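In mature numbering (1 follows the signal peptide of the UniProt record, and there is no 0), the protein residues as written are -25 to -1, 1 to 165.
Every residue, glycine too, gets a C-beta built ideally from N, C-alpha and C.
Model, not experiment: these values are computed from the prediction.
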């Protein structure tokens, strides 16, 4: 009996290590061609939102190119583009402009990172942050602050500015932050 117990002992210490490695395994992504010049990688369980769902969730004059959502509908990855007069030599300026816009949009912004990175041979302006939006209405029952984890990347191709936006509730940041980073690394813009 002591022999079998001794052979089990080395195997048991491996179990927590294997569980830890499984928890930090790279997310499973699938490639999706969004446009002729654009391919992205999204989590396998994310589904594209139909046009009517995009219109209700992201009301804007110009609809995004695509929005992918997790099964619960709480986590999104969206891709939008618009015409711009900026060029890819303006990234340092764009970083400051978008950082300033975010600070004006939200009650509080805690930046995790803000820089210019190269992904698949293309430079991107990158802003990763936790946003807080507080209800400041007077005379009404106030709502709890809304906190979200967000990772945004911007790139210019020709006369088009592309915006890639991954966001999740703050409660799901630990789960989705590595997913968001993997998704952003999977962008191929030609």
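Buried versus exposed, by CB contacts within 10 Å (16 or more), residue i
i           : result
residue 160 : exposed
residue -4  : Legend: pLDDT at residue -4 = 46, less than 50; position of this residue unreliable, no value from coordinates given.
residue 16  : buried
residue 75  : exposed
Min CB distance residue i to chain E below 8 angstroms
i          : result
residue 19 : In summary, chain E is missing from the structure at hand, where a single protein chain is found.
Expected contact under 8 angstroms - CB spacing of residue i and residue j to nearest Å
i           : j           : result
residue 151 : residue 129 : So it is not a contact: roughly 20 angstroms between Cβ atoms.
residue 3   : residue 23  : Not really, about 17 angstroms apart at Cβ, beyond 8 angstroms.
residue 145 : residue 95  : Not a contact, Cβ separation roughly 29 angstroms.
residue 55  : residue 40  : 6 angstroms
Endpoints, beta strand (DSSP E) assigned at residue i
i           : result
residue 18  : 13 to 18
residue 129 : 121 to 132
residue 42  : 41 to 44
residue 6   : 4 to 10
Counterpart residues of residue i in DSSP-defined beta bridges
i           : result
residue 92  : 99
residue 58  : 135
residue 106 : 84, 123
residue 167 : Because the chain here runs from -25 to 165, residue 167 falls outside it and cannot be looked at.
Contact check, residue i vs residue j, beta carbons under 8 angstroms
i           : j           : result
residue 87  : residue 103 : yes
residue 57  : residue 37  : yes
residue 99  : residue 52  : no
residue 5   : residue 14  : no
residue 108 : residue 126 : no
residue 110 : residue 59  : no
residue 143 : residue 50  : yes
Host alpha helix (DSSP H) of residue i (start-end)
i           : result
residue 77  : 66 to 80
residue 154 : 148 to 160
residue 30  : 26 to 32
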